[in-house]
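Residue numbers (this note's numbering), protein chains in the order written: chain A, 1 to 141; chain B, 142 to 282; chain C, 283 to 363; chain D, 364 to 444.
C-beta atoms are modelled at their ideal positions from N, C-alpha and C, and glycine is treated no differently.
Structure record follows, encoded as structure tokens.
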Amino acid sequence: MIALTPDPIDISSAYKYLQTDGAGAIDFFFGVVRDNTPGTDGQRRDVEKLEYEAYGPMAIKEMQKIADEAHRRWPILGYVIIHRTGTLRIGEMAVLIGVATPHRAEAFEATRYIIDTIKQTVPIWKKELFTDGEVWVNATP
Amino acid sequence: MIALTPDPIDISSAYKYLQTDGAGAIDFFFGVVRDNTPGTDGQRRDVEKLEYEAYGPMAIKEMQKIADEAHRRWPILGYVIIHRTGTLRIGEMAVLIGVATPHRAEAFEATRYIIDTIKQTVPIWKKELFTDGEVWVNATP
Amino acid sequence: MNPVSVLLFGIARDLVGQSAITCSLPKQARVSDLLAHLHEQHPALAGIKSLLVARNGEYAGADARISPTDEIALIPPVSGG
Amino acid sequence: MNPVSVLLFGIARDLVGQSAITCSLPKQARVSDLLAHLHEQHPALAGIKSLLVARNGEYAGADARISPTDEIALIPPVSGG
Numbered sequence: 001m002i003a004l005t006p007d008p009i010d011i012s013s014a015y016k017y018l019q020t021d022g023a024g025a026i027d028f029f030f031g032v033v034r035d036n037t038p039g040t041d042g043q044r045r046d047v048e049k050l051e052y053e054a055y056g057p058m059a060i061k062e063m064q065k066i067a068d069e070a071h072r073r074w075p076i077l078g079y080v081i082i083h084r085t086g087t088l089r090i091g092e093m094a095v096l097i098g099v100a101t102p103h104r105a106e107a108f109e110a111t112r113y114i115i116d117t118i119k120q121t122v123p124i125w126k127k128e129l130f131t132d133g134e135v136w137v138n139a140t141p
Numbered sequence: 142m143i144a145l146t147p148d149p150i151d152i153s154s155a156y157k158y159l160q161t162d163g164a165g166a167i168d169f170f171f172g173v174v175r176d177n178t179p180g181t182d183g184q185r186r187d188v189e190k191l192e193y194e195a196y197g198p199m200a201i202k203e204m205q206k207i208a209d210e211a212h213r214r215w216p217i218l219g220y221v222i223i224h225r226t227g228t229l230r231i232g233e234m235a236v237l238i239g240v241a242t243p244h245r246a247e248a249f250e251a252t253r254y255i256i257d258t259i260k261q262t263v264p265i266w267k268k269e270l271f272t273d274g275e276v277w278v279n280a281t282p
Numbered sequence: 283m284n285p286v287s288v289l290l291f292g293i294a295r296d297l298v299g300q301s302a303i304t305c306s307l308p309k310q311a312r313v314s315d316l317l318a319h320l321h322e323q324h325p326a327l328a329g330i331k332s333l334l335v336a337r338n339g340e341y342a343g344a345d346a347r348i349s350p351t352d353e354i355a356l357i358p359p360v361s362g363g
Numbered sequence: 364m365n366p367v368s369v370l371l372f373g374i375a376r377d378l379v380g381q382s383a384i385t386c387s388l389p390k391q392a393r394v395s396d397l398l399a400h401l402h403e404q405h406p407a408l409a410g411i412k413s414l415l416v417a418r419n420g421e422y423a424g425a426d427a428r429i430s431p432t433d434e435i436a437l438i439p440p441v442s443g444g
């Protein structure tokens, strides 16, 4: 299952979706809005909220490619990739990756592959909003 | 939080327990009862249910040692280790490991360290029950 | 010349001030021509670390051709997750 | 001689048929003495891949001393998770 959603992500339904009788291991990764970020000067800067924006149809396509590649590499019984869009407050979940496999090593590896690759290729953008300004993450030299 | 419990493990409360404002990444590992296991002849054998037994006080102590060591190695903001005991049916969750950290690499690494080490040192035993017999896992030559 | 509509996201949209613009490009134009045109018309785009182009929802290389019916989007550095 | 109570778990309990047994060990006995005694009294334990001993909830080496007030447990190969 792959989704972009403006609504809060529900962990329990993602877990239920992944339960299959052959699964011995399920790994979940949650990306959560942290209350601080290193500023350009390396100093900690307090984050107020984040805004996530996606090029929806292409983002779905790119996430599907990542899931397909993960399927080729590991014996995946089920996966869930859900990315939130819109304004997120501190502590809210921005992304949930879930992978069910027969054994644990492959669940960890596939989950990590999926989140690492999402951060590299999927057209989703994050703006950090501070009390005194805002920054599109990773966008400027 | 470290617990042994005869009751079903609740994901949502584990997640809530881990949410802190400094956490950017949370990794969850779930060990789930699989419907099959490789038999001694390497052939797939259908599992009916599992029974987990623990030497409770020592199991808690050993899990605490693992959590403490993980804390020394990674910048952990919170962790949950819950292991089920008693009879478990196919698809039920036997163990939940959850780790919250500022960044994702350390969440994956710490979670994997904890589950890998639990399987090596914590006095918990698993019996596989088949339609035609039973086996204490890993107990005989 | 062909009119080509270009979707803008994230910092690209903020710098240009619009979420879509229309460019006039020669027939047979390539992605590299589009980028050159956009940088000329919107010098502020130079403030972005890197810019890729998607054609019909797929990343397209500098030599890819652009036709008026293609859906074109500018992709600044992604930062999802 | 000292009476020492030993907790049994998993396959060890199944093979011996009891969840706790009392052994009579010499004063100053070590873990290795306990294991030798148990293997003699309960030859079925030889069917287990390996047996460790816990003393007061901590793994104890072969040379560790056992006193009557210690909580002693036999630890067959663990298989949690």
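Counting the other Cβ atoms within 10 Å of the Cβ of B/Ala235 gives 16 or more, which makes it buried. Leaving aside the five residues that flank C/Ala342 on each side, the residues in its chain whose CB is nearer than 6 Å to its CB run, in chain order, Val313 and Val335. The beta carbon of A/Phe30 lies closer than 6 Å to those of Met93 and Leu96 in the same chain, with the five residues before and after it left out. In the DSSP annotation of this structure, the continuous segment of the beta strand (DSSP E) that includes D/Thr385 starts and ends at Ala383 to Leu388. In the pairwise beta carbon analysis, the region 97 to 117 of chain A is classified as not touching the region 323 to 338 of chain C: fewer than three pairs are separated by under 8 Å. Rounded to the nearest whole angstrom, the C-alpha separation of C/Ala311 and C/Ala344 is 10 Å. Interface flag for A/Asp21 against chain B is set, since a Cβ pair is found closer than 8 Å. Around the beta-carbon of C/Lys331, fewer than 16 other beta-carbon atoms lie within 10 Å, marking it exposed. Look at B/Val221 here: in three-state DSSP terms it is strand. Not a single C-beta of chain A is nearer than 8 Å to the C-beta of B/Ser154.
Residues are counted here when their Cβ sits less than 8 Å from a Cβ of chain A; for the region 292 to 306 of chain C these are Gly292, Ile293 and Asp296, given in chain order.
The Cβ atoms of A/Leu88 and A/Tyr52 lie closer than 8 Å to each other.
Between D/Pro439 and D/Ile384, the CB-CB gap reaches or exceeds 8 Å. The alpha-carbon of A/Asp46 is positioned some 47 Å away from that of C/Pro308. DSSP places A/Gly56 inside the alpha helix (DSSP H), whose first and last residues are Gly56 to Arg73. Assigned with DSSP and collapsed to three states, B/Ser154 falls in helix. Note that the C-beta distance between A/Ala23 and B/Val173 is below 8 Å. Neighbours of A/Ala70 in chain B, taken as residues at a C-beta separation under 7 Å, are lacking, since the least C-beta distance is about 15 Å. Taking 4 residues as the shortest admissible run, the region 367 to 442 of chain D contains the following complete alpha helix (DSSP H) segments, listed from N- to C-terminal end: 373 to 379 and 394 to 404. A direct Cα-Cα distance of roughly 21 Å separates A/Pro141 from A/Ala54. Under a criterion of Cβ atoms nearer than 7 Å, no residue of chain C is adjacent to A/Thr131; the nearest Cβ is some 19 Å distant.
In the pairwise beta carbon analysis, the region 209 to 223 of chain B is classified as not touching the region 120 to 136 of chain A: fewer than three pairs are separated by under 8 Å. Spatial neighbours of A/Gln64 in its own chain (CB-CB distance under 7 Å, excluding positions within 5 residues in sequence) are listed in chain order as Ile2. Within chain B, no residue has its beta carbon less than 9 Å from that of D/Ile435; the closest one is some 11 Å off. Only Ile90, Gly91, Pro102 and Arg104 from the region 88 to 105 of chain A bring a Cβ to less than 7 Å from some Cβ of chain B. Residues of chain A whose Cβ lies closer than 7 Å to the Cβ of B/Ile256 are, in chain order, Arg104.
A buried status is given to B/Glu203, since no fewer than 16 other beta-carbon atoms sit within 10 Å of its beta-carbon. Residue contact check for A/Tyr55 against chain C: a CB pair falls below 8 Å. Taking a C-beta distance under 8 Å as the contact criterion, D/Pro366 and D/Ser387 qualify as a contact pair. In the structure shown, B/Ala251 adopts helical secondary structure according to DSSP, grouped into three states.
With a threshold of 8 Å between beta carbons, A/Ile26 makes contact with chain B. Distances from the CA of B/Pro264 to each of B/Pro198, B/Gly227 and B/Val221 were compared; the closest alpha carbon is that of B/Pro198.
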